[in-house]
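Top line first, the protein sequences correspond to chains A and B. First residue of the first sequence: 1, per this note's numbering; consecutive thereafter. First residue of the second sequence: 1001, per this note's numbering; consecutive thereafter. Heads up, the thing below is written out as structure tokens.
There are 2 protein chains.
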Amino acid sequence: MLYLIGLGLGDAEDITVKGLKLVRAAKRAYLEAYTSILTSQKKDLEEFYGRELILADRDLVEQSSDTILADATKEDVAFLVVGDPFGATTHTDLVLRAIERGIPYQVVHNASIMSAIGCCGLQLYNFGETVSFVFWTDTWRPSSYIDKIEANLQRGHHTLCLLDIKVKEQSVENMMKGRKVYEPPRYMTVSQAIEQLLEAISQRKAKGQKSSILSEETICVGLARIGSECQKIVCGKVSEMVDVDMGPPLHSLIIAGNVHYLEIEMLKYFAINQTTFTYDETKM
Amino acid sequence: MLYLIGLGLGDAEDITVKGLKLVRAAKRAYLEAYTSILTSQKKDLEEFYGRELILADRDLVEQSSDTILADATKEDVAFLVVGDPFGATTHTDLVLRAIERGIPYQVVHNASIMSAIGCCGLQLYNFGETVSFVFWTDTWRPSSYIDKIEANLQRGHHTLCLLDIKVKEQSVENMMKGRKVYEPPRYMTVSQAIEQLLEAISQRKAKGQKSSILSEETICVGLARIGSECQKIVCGKVSEMVDVDMGPPLHSLIIAGNVHYLEIEMLKYFAINQTTFTYDETKM
């Protein structure tokens, strides 16, 4: 049996009782370590679970899934994923390979950033499509996410922005020379995302593509380390958020659409500036 | 301290290790019992947690929250919610009352139906706004959810439909006579939701409001008891789903928008009829 086990979002203790039992009993347990992180390190998890974990990087999961699935028709293999196994990153591909090989599978769900963001007070059923922000390079600066955010805003919907994670990336030079030397991991901050957003808006204005709704005045919410004891939620206008220091990763960003009374009351609790939510409440 | 603790979606063992510790240590523990259900009963939860739970119905939570929050500045109170405390049903109101009274609070996240639905293979970031289906009465037959589903479909997005739950409802007669006699709980089935959908589409056609995208041919996914060992996922055209028996509650329904290759591969696994996903794959 292949068990896909969600670890939730905070630390080692955020695994479910069901998940913990299965991790402990499995023949092999892989820790997917390239799409998200916990505040706990691998060794903390191993200590808490009382067993060894095999680190599964992108190469192993995408190119050597046979290794993960070996003997899984006879033995139990646990595949551990931060958040939920079908949340922000989905492991459909691994499941399909298991199905092809006649390996039964079971999912142990857990908190995903896709739903845990409800803790900021914005209601999940008012969210539209989710977008992803990627790190820009000198030559690759995609900003198509703005169309999606604007389409959500036009319908009054909030937008969850998932921020880029670069783990085990090679520099162009190392890649060309075939050297398996990796850059330090990078996690996009709320402040970097806001900077990118502002630059994309101004570029579009310069090209005459007017950004009709999204502006420096738009309300947004920065979230960091959600589910951990050191989580941080900060809310304000785009222009106010550019200098906010949210601390260590992971960060996420929400662009708020129409905000209802109860949502405002909760956002106030996280506001940089209380007046943001008083002077134009009637317009929101 | 007020702890809002998610119980996840399956049975007693779907609580997190962190959540379980806090439930056991709390002075009082309330079980929110009117917006969702587990496959475990209250007594199973009490046995597993090793403590008594106080059932919190809508009246207690919405009208007597002072009782729940009593002494929570000095003592730990646990408020247990099926799924995530800010998932499909949000408990913002209780948190705001705690904040007003100077009571600190902490959230222990868990799986929510809002993200666990990813297990059917449809990717969460392709979902648009979530809609709610309510039980129709002879005189109240709202169908505004169709506009929202259509708006999602126009953008190629999937729609999660949360299906109605009626717990501790009074009949009109009992309500008028002030008798606290309650009807048996009702949980909308996938089949009932599809029937309602078909009737709403045909009523709109009769009024000349053409339903341009949503039709009997639209692909949808029925989900029941997600996260439990007896979960069931069935996928097919709207017309094929009307007679599907998904078994005991809770049920949810997804109306699929544009379906990508990996999504199709996964949906096939749950298909009533494999040919649904072969003859017009190129159009999807």
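C-beta: ideal position from N, C-alpha, C; glycine also. Keep in mind it's a predicted model, so treat the numbers as computed, not measured.
Item: Which full runs of the alpha helix (DSSP H) of 4+ residues lie inside the segment 32 to 77 of chain A, going along the chain?; Value: 42 to 49, 58 to 63 and 65 to 69
Item: Can you tell me which of 164(A), 41(A), 206(A) and 184(A) puts its alpha carbon nearest to the alpha carbon of residue 9(A)?; Value: 41(A)
Item: With DSSP as the reference, please indicate the residues paired to residue 1132(B) in a beta bridge.; Value: 1162(B)
Item: Secondary structure at residue 1107(B), three-state DSSP: helix, strand or coil?; Value: strand
Item: Could you give the distance in angstroms between the alpha-carbon of residue 130(A) and the alpha-carbon of residue 62(A)?; Value: 24 Å
Item: Tell whether a beta-carbon distance below 7 Å holds between residue 1112(B) and residue 1087(B).; Value: yes
Item: Taking a cut of 9 Å between CB atoms, which residues from the segment 1093 to 1107 of chain B lie near chain A?; Value: 1093, 1095, 1096, 1099, 1106 and 1107
Item: Please identify the residue among 1167(B), 1045(B) and 1033(B) whose C-alpha is closest to the C-alpha of residue 1023(B).; Value: 1045(B)
Item: Between the beta-carbon of residue 109(A) and the beta-carbon of residue 1227(B), is there less than 7 Å?; Value: yes
Item: Determine the chain A residues that contact residue 1187(B) at a beta-carbon separation under 7 Å, and present them in chain order.; Value: What residue 1187(B) touches in chain A: nothing, since even the nearest Cβ is about 19 Å away.
Item: Measuring CA to CA, which of 252(A), 217(A) and 222(A) is closest to residue 287(A)?; Value: As displayed, chain A neither begins before 1 nor continues past 284, which places residue 287(A) out of reach and without an answer.
Item: Quick one: using the 10 Å Cβ neighbour count with 16 as the cut-off for buried, is residue 281(A) buried or exposed?; Value: Bear in mind that a pLDDT of 47 at residue 281(A), under 50, signals an unreliable position, so the model cannot answer this.
Item: Can you find a CB in chain B that lies within less than 7 Å of the CB of residue 39(A)?; Value: no
Item: Using 7 Å as the limit for Cβ to Cβ distance, is residue 266(A) near chain B?; Value: yes
Item: I need the straight-line Cα distance from residue 283(A) to residue 160(A), nearest angstrom please.; Value: Confidence at residue 283(A) is low in this model, with a pLDDT of 49, below 50, so its placement is unreliable and no value can be given for it.
Item: Can you tell me whether DSSP reads residue 230(A) as helix, strand or coil?; Value: coil
Item: One question on the structure: do residue 1252(B) and residue 1214(B) come within less than 7 Å of each other, judged by their Cβ atoms?; Value: no
Item: Taking Cβ positions only, does residue 1139(B) come closer than 7 Å to chain A?; Value: no
Item: Between the alpha carbons of residue 1184(B) and residue 1170(B), how many angstroms are there, rounded?; Value: 9 Å
Item: Contact check, residue 20(A) vs residue 14(A) under 8 Å by CB: the rounded distance?; Value: That belief does not hold up - the Cβ atoms of residue 20(A) and residue 14(A) are roughly 10 Å apart, past 8 Å.
Item: Among residues of its own chain, excluding the 5 on either side of residue 1157(B), which ones have a beta-carbon nearer than 7 Å to its beta-carbon?; Value: 1126, 1127, 1128 and 1257
Item: Less than 8 Å between the CB atoms is what I'm expecting for residue 1272(B) and residue 1240(B), so what's the real figure, rounded?; Value: 5 Å
Item: Measure the CB-CB distance between residue 1053(B) and residue 1069(B) and report whether it falls below 7 Å.; Value: no
Item: Tell whether a beta-carbon distance below 7 Å holds between residue 107(A) and residue 1235(B).; Value: no
Item: Could you give the distance in angstroms between the alpha-carbon of residue 1268(B) and the alpha-carbon of residue 1166(B)?; Value: 33 Å
Item: Apply the 10 Å Cβ neighbour rule to residue 55(A) and answer buried if 16 or more other Cβ atoms are within range, or exposed otherwise.; Value: exposed
Item: When the cut-off is 7 Å and only beta carbons count, does residue 125(A) lie next to chain B?; Value: yes
Item: Bridge partners for residue 139(A) per DSSP, in chain order?; Value: DSSP lists no partner for residue 139(A).
Item: Please list the terminal residues of the continuous beta strand (DSSP E) segment that includes residue 3(A).; Value: 2 to 6
Item: Can you confirm whether residue 15(A), when its beta carbon is compared against all beta carbons of chain B, has any partner nearer than 7 Å?; Value: yes
Item: In this structure, how does DSSP classify residue 1172(B) when only helix, strand and coil are distinguished?; Value: helix
Item: Quick check on residue 1144(B): buried or exposed, where buried means 16 or more other Cβ atoms within 10 Å of its Cβ?; Value: exposed
Item: Could you pull out every unbroken beta strand (DSSP E) segment of at least 3 residues lying fully inside the segment 1232 to 1270 of chain B, listed in chain order?; Value: 1232 to 1237 and 1251 to 1255
Item: Any beta carbon of chain B sitting closer than 7 Å to that of residue 130(A)?; Value: yes
Item: Could you check whether the Cβ of residue 90(A) sits closer than 7 Å to any Cβ belonging to chain B?; Value: yes
Item: Should residue 1012(B) be labelled buried (16 or more other beta-carbon atoms within 10 Å of its own) or exposed?; Value: buried
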